[in-house]
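*Asks:* Once you've had a glance at the structure underneath, I'll fire off some questions.
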Amino acid sequence: MTLTGFTIFILVLVLFAILLLFLGVKQVPQGWNYTVERFGRFTATLTPGLRFLVPFVDSIGKKVNVQESVLDIPSQQVISKDNAIVTVDAVAFYQVIDAAKAAYEVRDLVQGITNLALTNIRNVMGNMALDDVLSKRNEINDTLLSVIDHATNAWGVKVLRVELKDIVPPQDMVQTMARQMKAERERRAVILEAEGIRQAQITRAEGEKQAAILSAEGRREAAFRDAEARERAAEAEAKATEVVTAAIGAGGSQAISYFLGQKYVDALQAMGASNNSKVFFLPVEATGIMGTLGGIAELAKEAQARAAAGMTALPAPAAQVGGAPARPSGPWTQP
């Protein structure tokens with residue numbers, strides 16, 4: 000089959016359209032931005048998706064990653080304010096915000112951020128003493144973040160975090176700090192031990208105080224009970240004395256004989272009931288004792304007779320014989 004000139008023209012036109020379509024359509028992946036250059040001059044930024052260019056006029060300039068990236072900053076030796084040499088290692092997290100600035104405002108973005116971080120680490124830590132460098136890591140991180148982020152704004156970069164990974168002081172200083180830490184821990188242990196002893200002594204003193212208070216309360220209560228018992232016993236004794244006095248006043252010597260005889264019998268009963276009593280000594284005047292007991296029996300008979308006759312008072316004292324009052328017989332009477 001012979002192709003005519005028109006057919007050839009159509010085929011060439013179709014092939015040219017396909018070539019234009021291939022050269023003009025670009026797919027930008029997620030997380031990337033492409034810059035567009037027209038005759039070598041930046042004109043636009045392509046975001047993720049399917050994008051169209053003018054063939055033979057526009058071209059892709061720079062492919063910029065706009066995801067958050069991690070930059071490992073090399074370790075370096077830094078001289079602190081008190082002339083201590085420490086080795087510092089850091090890491091930075093950044094993200095490209097403006098692809099055009101990141102592509103055309105700095106020649107090597109990664110190297111620029113690295114050198115900027117190294118310089119500011121030396122500046123910040125060089126103005127601090129070693130103790131501050133070791134103890135104020137968060138403050139150093141915040142200062143570095145502020146300085147580096149401000150400097151990279153012109154490059155279309157946002158610095159998200161700057162972290163010091165490691166701070167290594169000299170070996171001799173490490174040993175000195177270890178001894179200092181050991182001494183500090185020993186001092187704290189002594190303080191804690193002394194505090195524990197003090198608290199134990201306070202607790203023991205409080206317990207002894209409470210025990211003394213309770214003991215005093217118990218003694219006071221016991222004394223109160225004893226006094227109350229003695230008071231009641233005294234009242235009972237006084238009542239008994241009143242009764243005996245009235246009986247003596249009414250019955251005279253016979254009542255006295257009865258009272259003394261009763262006490263004598265009670266004493267003998269108590270001696271007989273005691274476990275430690277082994278030997279009993281009776282008075283020599285046994286006849287006097289028997290006479291006294293006989294007098295007590297006569298008094299009991301007279302009391303029964305008076306009760307039967309309706310008498311309420313004791314009989315009058317016995318008549319005197321020979322000008323002297325009659326005395327009851329017994330070992331307690333005077334000769």
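The sequence shown begins at 0 in numbering that gives the first Met the number 0 and counts up one residue at a time.
We put the CB at the ideal spot given by N, CA and C, even for glycine.
Just to confirm my understanding: we take residue 62, look at its own chain, exclude 5 residues before and 5 after, and list those with CB closer than 7 Å. What are they?
*Replies:* Contacts found: 31, 33.
*Asks:* Is it the case that the Cβ atoms of residue 162 and residue 140 are separated by a distance below 7 Å?
*Replies:* Their beta carbons are under 7 Å apart, which means residue 162 touches residue 140 by this criterion.
*Asks:* Spatial neighbours of residue 14 within its chain, please: CB distance less than 7 Å, with the 5 preceding and 5 following residues excluded, ordered by chain position.
*Replies:* So the list is empty, once near-sequence residues are dropped.
*Asks:* Looking only at its own chain, which residues have a Cβ that is under 6 Å from the Cβ of residue 83, when we skip the five neighbours before and after it?
*Replies:* Closer than 6 Å at the Cβ level, and outside the excluded window around residue 83, lie 129.
*Asks:* Considering only residues of the same chain and omitting the five flanking positions on each side of residue 21, which have a CB-CB separation below 7 Å?
*Replies:* No residues qualify anywhere along the chain.
*Asks:* Since I believe residue 120 is in contact with residue 77 (beta carbons under 8 Å), could you give me their beta-carbon distance rounded to a whole number of angstroms?
*Replies:* Going by Cβ atoms, the distance from residue 77 to residue 120 rounds to 7 Å, so yes, they are a contact pair.
*Asks:* Rounded to whole angstroms, how far is the Cβ of residue 166 from the Cβ of residue 116, which I believe are closer than 8 Å?
*Replies:* Not really, about 15 Å apart at Cβ, beyond 8 Å.
*Asks:* What's the C-alpha gap between residue 108 and residue 176?
*Replies:* So the two alpha carbons sit approximately 40 Å from each other.
*Asks:* Taking the C-alpha atoms as reference points, what is the distance between residue 142 and residue 160?
*Replies:* So the alpha carbons of these two residues sit roughly 11 Å apart.
*Asks:* What are the complete beta strand (DSSP E) segments, minimum 3 residues, inside the segment 108-171?
*Replies:* If we require 3 residues or more, the beta strand (DSSP E) runs fully inside the segment 108-171 come out as 156-167.
*Asks:* What separation, rounded to the nearest whole angstrom, lies between the Cα atoms of residue 75 and residue 100?
*Replies:* Between residue 75 and residue 100, the C-alpha separation is close to 29 Å.
*Asks:* May I have the straight-line CA-CA distance separating residue 150 from residue 187, to the nearest angstrom?
*Replies:* For residue 150 and residue 187, the distance between alpha carbons rounds to 46 Å.
*Asks:* Pull up the DSSP beta-bridge partners for residue 41, would you.
*Replies:* Looking at the DSSP assignment, residue 41 forms a beta bridge with 36.
*Asks:* By alpha-carbon positions, which one of 18, 228, 205 ends up nearest to residue 52?
*Replies:* Comparing Cα positions, the closest option is 18.
*Asks:* Out of 79, 59, 40, 6, which has the shortest C-alpha to C-alpha gap to residue 131?
*Replies:* Of 79, 59, 40, 6, the residue nearest in Cα terms is 79.
*Asks:* Between the C-alpha atoms of residue 16 and residue 36, what's the straight-line distance to the nearest angstrom?
*Replies:* Their backbone Cα atoms lie some 22 Å apart in a straight line.
*Asks:* Apart from the five residues just before and just after residue 144, which ones in its own chain have a Cβ nearer than 7 Å to its Cβ?
*Replies:* Contacts found: 158, 160, 161.
*Asks:* Could you name the residues of the same chain whose beta carbon sits closer than 7 Å to that of residue 164, not counting the 5 residues immediately before and after it, in chain order?
*Replies:* Taken in chain order, the residues that qualify are 88, 89, 90.
*Asks:* If you measure between the beta carbons of residue 23 and residue 73, is that distance less than 7 Å?
*Replies:* Contact flag unset, no.
*Asks:* Taking 7 Å as the threshold (C-beta atoms), are residue 96 and residue 155 in contact?
*Replies:* Going by C-beta atoms, residue 155 is nearer than 7 Å to residue 96.
*Asks:* From the DSSP secondary-structure annotation, give me the bridge partner or partners of residue 51.
*Replies:* Answer by DSSP bridge pairing, in chain order: 24.
*Asks:* Grab me the residues of residue 233's own chain with a C-beta within less than 6 Å of its C-beta, minus the 5 sequence neighbours each way, in chain order.
*Replies:* Once the five neighbours on either side are set aside, residue 233 has no close Cβ partner at all.
*Asks:* If the criterion is Cβ atoms closer than 7 Å, does the pair residue 92 and residue 56 meet it?
*Replies:* No.
*Asks:* Express the C-alpha separation of residue 212 and residue 311 in angstroms, rounding to a whole number.
*Replies:* Only weak support exists for where residue 311 lies, its pLDDT of 43 falling under 50; the value from the coordinates is given anyway. So the two alpha carbons sit approximately 58 Å from each other.
*Asks:* Smallest Cα separation from residue 67: which of 44, 94, 127?
*Replies:* Minimum Cα distance to residue 67 is reached at 94.
*Asks:* If you draw a straight line from the C-alpha of residue 235 to the C-alpha of residue 200, how long is it?
*Replies:* Distance between the alpha carbons of residue 235 and residue 200 is about 52 Å.
*Asks:* Between residue 42 and residue 98, how many whole angstroms is the CB-CB distance? I'm expecting something under 8 Å.
*Replies:* Wrong, their Cβ atoms sit about 13 Å apart, outside the cutoff.
*Asks:* Does the beta-carbon of residue 208 have 16 or more other beta-carbons within 10 angstroms, so that it is buried, or is it exposed?
*Replies:* It counts as exposed.
*Asks:* Using the C-alpha atoms, what's the distance from residue 189 back to residue 183?
*Replies:* Looking at the two C-alpha atoms, the distance is approximately 10 Å.
*Asks:* State the Cα-Cα distance for the pair residue 153 and residue 46, rounded to the nearest angstrom.
*Replies:* Approximately 21 Å, taken between the alpha carbons.
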